[in-house]
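The block underneath contains the structure these notes are about, expressed in structure tokens.
Protein chains: 2
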Amino acid sequence: MRSYRKEDFDTANVRQLLEPGPVVLVSSRWQDQTDIMTMGWHMVVEFTPALVACIIAPGNHSHELIRRSRECVINVPTFELIDTVVGIGNTSGSEVDKFAHFGLTAEAAAKVKAPLIGECYANFECRLHDDALADKYGMFVWEVVKAHVAVSPQTPETIHYRGDGQFMVAGRQVSRRGLFRPEMLP
Amino acid sequence: MRSYRKEDFDTANVRQLLEPGPVVLVSSRWQDQTDIMTMGWHMVVEFTPALVACIIAPGNHSHELIRRSRECVINVPTFELIDTVVGIGNTSGSEVDKFAHFGLTAEAAAKVKAPLIGECYANFECRLHDDALADKYGMFVWEVVKAHVAVSPQTPETIHYRGDGQFMVAGRQVSRRGLFRPEMLP
Chain A
1 MRSYRKEDFD TANVRQLLEP GPVVLVSSRW QDQTDIMTMG WHMVVEFTPA LVACIIAPGN
61 HSHELIRRSR ECVINVPTFE LIDTVVGIGN TSGSEVDKFA HFGLTAEAAA KVKAPLIGEC
121 YANFECRLHD DALADKYGMF VWEVVKAHVA VSPQTPETIH YRGDGQFMVA GRQVSRRGLF
181 RPEMLP
Chain B
187 MRSYRKEDFD TANVRQLLEP GPVVLVSSRW QDQTDIMTMG WHMVVEFTPA LVACIIAPGN
247 HSHELIRRSR ECVINVPTFE LIDTVVGIGN TSGSEVDKFA HFGLTAEAAA KVKAPLIGEC
307 YANFECRLHD DALADKYGMF VWEVVKAHVA VSPQTPETIH YRGDGQFMVA GRQVSRRGLF
367 RPEMLP
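Here it is, written out as structure tokens:
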């Protein structure tokens, strides 16, 4: 499987990868247990600090690891990983070691203990920022404390879940930069 | 401008339109004031009741209308509306009537006072469910109380914002239904 060459990326810009709404893989570690889950319910909350919210229901094996460690990594896969993404979403970490079972590379993160997934286009190391709504909705607000993003291609072919086993694959890029007020752009 | 023919849609399935992560238009009304804002920071929270969270910062003219009315409509535009979506995001409702200025049709909703945008592919009527994190992050959790979705095409050409004036347009559809465990599908 392909492994992307990545560079450090400004955490204030993680919206470039997350706002389009891709399915992501969340990796976690607590003591000697590691897990990965497939997750599509996430949104950007703030640029600086770089906050991202997501829903991780208590039924997921990852939920317990994440609540205890208060950390995770949000990994952005591309189309070539679609069968792996579906496989991870259809197995439980209580039964299989997902890194071994799916042949994924666990790489050391810089600021958290949860591993990066080497085969993903981007990896965002996250520390828990706010769990006020964790009991009510399984909602966690994360601060992205370190971001790694592939050098190329410039726009990844992300996958977007529609439910019922159906995915939309990221299509063409269009710019409307010329229509923006200067103060609305970086 | 095109106007879609729409039908009632099961609110438990709004994830089919929102989970892929499109930019949406949020319409609101309070007393005699109406507004529309462009919004990309949203996520599904729960299937039933149909809960959706989003971020609407206090700086937006819509914020005040939404906080007072405790209602809104989330409208899903398609590619042909991209210039309108950008225009709406680059003007303030305190200066212009956005429906009139952008030539959009305000249609009556069934359960809220905020208007539907006729030219959008889908319209989700929302009532405020939880504003516990509204002061902290501008986060609102909505219950979709009524959903209207176009009869065709089956998969809309939604637009997805990457920041910096750049958009990704929804690409091809792929099914991986055969890889899902039966209990993971509806």
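Order-wise, the sequence lines are chains A and B.
Using my numbering, the letters of the first sequence correspond one by one to residues 1 to 186.
Using my numbering, the letters of the second sequence correspond one by one to residues 187 to 372.
In this text, a Cβ means the ideal position worked out from N, Cα and C, and glycines have one as well.
Predicted model, so just to flag it, every value in this text is computed and none were measured.
Whole-angstrom C-beta distance between residue j and residue i, which should lie under 8 angstroms
i, j, result
"S248(B)", "M223(B)", "4 angstroms"
"P301(B)", "T220(B)", "6 angstroms"
"H228(B)", "P20(A)", "In fact, because the Cβ distance is near 12 angstroms, the residues do not count as touching under 8 angstroms."
"V330(B)", "V200(B)", "5 angstroms"
"A108(A)", "V76(A)", "In fact, because the Cβ distance is near 18 angstroms, the residues do not count as touching under 8 angstroms."
"E343(B)", "T264(B)", "5 angstroms"
"M354(B)", "T155(A)", "7 angstroms"
"L204(B)", "L133(A)", "About 18 angstroms separates the two Cβ atoms, so there is no contact after all."
"V141(A)", "A57(A)", "Between A57(A) and V141(A) the Cβ distance is about 16 angstroms, and since that is not below 8 angstroms, they are no contact."
"R362(B)", "D83(A)", "7 angstroms"
"G357(B)", "R2(A)", "No, G357(B) and R2(A) are not in contact; Cβ-Cβ is about 20 angstroms, not under 8 angstroms."
Where residue i meets chain B, residues with beta-carbon distance less than 9 angstroms
i, result
"R177(A)", "D350, G351 and Q352"
"P115(A)", "Correct list: empty, because the minimum Cβ distance to chain B is about 24 angstroms."
"G93(A)", "Chain B residues near G93(A): none, gap ~15 angstroms exceeds 9 angstroms."
Burial state of residue i (16 or more Cβ within 10 Å)
i, result
"K111(A)", "exposed"
"M370(B)", "exposed"
"A150(A)", "buried"
"K146(A)", "buried"
"V26(A)", "buried"
"V360(B)", "exposed"
"E95(A)", "exposed"
"E266(B)", "exposed"
"R348(B)", "buried"
"S28(A)", "buried"
"A292(B)", "buried"
"Q202(B)", "buried"
"G138(A)", "buried"
"G178(A)", "exposed"
"G93(A)", "buried"
Neighbouring residues, chain A, relative to residue i (Cβ below 9 angstroms)
i, result
"I241(B)", "M43, V44, V45, E46 and A53"
"P372(B)", "G163 and D164"
"Y323(B)", "V45, E46, L51, A53, D130 and V141"
"T341(B)", "R162, Q166 and M168"
"E205(B)", "G21, V23, G40, W41, H160, Y161, R162 and G163"
Any chain E beta carbon closer than 9 angstroms to residue i
i, result
"N60(A)", "Here the protein chains are A and B, and chain E is not one of them."
Where residue i sits in the DSSP three-state scheme
i, result
"D135(A)", "helix"
"S69(A)", "helix"
"K299(B)", "coil"
"Q166(A)", "strand"
"V86(A)", "helix"
"Q340(B)", "coil"
"F285(B)", "helix"
"S248(B)", "helix"
"E7(A)", "strand"
"F180(A)", "coil"
"A198(B)", "helix"
"L81(A)", "helix"
"L203(B)", "helix"
"V210(B)", "strand"
"R2(A)", "coil"
"F233(B)", "coil"
"G93(A)", "coil"
"Q219(B)", "strand"
"Y121(A)", "coil"
"W328(B)", "strand"
"T105(A)", "coil"
"I55(A)", "strand"
"G171(A)", "strand"
"L185(A)", "coil"
Neighbouring residues, chain B, relative to residue i (Cβ below 7 angstroms)
i, result
"A132(A)", "A318 and L319"
"N75(A)", "Correct list: empty, because the minimum Cβ distance to chain B is about 16 angstroms."
"E71(A)", "Per Cβ cutoff of 7 angstroms: no residues; E71(A) is ~20 angstroms from chain B at best."
Chain-ordered neighbours of residue i on chain A, where CB pairs are closer than 8 angstroms
i, result
"I268(B)", "V174 and R176"
"R367(B)", "N90"
Residue i: contacting residues in chain B (beta-carbon distance under 8 angstroms)
i, result
"Q31(A)", "Those do not exist, as Q31(A) stays about 28 angstroms from chain B at its closest Cβ, beyond 8 angstroms."
"V86(A)", "R362, L365 and F366"
"G103(A)", "The contacting residues do not exist; G103(A) stays about 16 angstroms from chain B at best."
Proximal chain A residues relative to residue i, where beta-carbon distance stays under 7 angstroms
i, result
"R201(B)", "G163"
"V282(B)", "Going along chain A, no residue has its Cβ under 7 angstroms from V282(B), so there is no contact; the nearest lies around 14 angstroms."
"G304(B)", "Result: empty, since nearest Cβ-Cβ is about 23 angstroms, beyond 7 angstroms."
Residue i beta carbon near the ligand MG (any heavy atom closer than 8 angstroms)
i, result
"V200(B)", "As far as ligands go, the structure on display features none, and thus does not contain the ligand MG."
Would you check if the stretch 303-319 of chain B and the stretch 255-272 of chain B touch, i.e. whether three or more CB-CB distances between them fall below 8 angstroms? yes
Check whether the stretch 84-91 of chain A touches the stretch 48-59 of chain A, taking contact to mean three or more Cβ pairs, one atom from each stretch, closer than 8 angstroms. no
Could you tell me whether the stretch 98-109 of chain A touches the stretch 278-288 of chain B, where touching means 3 or more Cβ pairs closer than 8 angstroms? no
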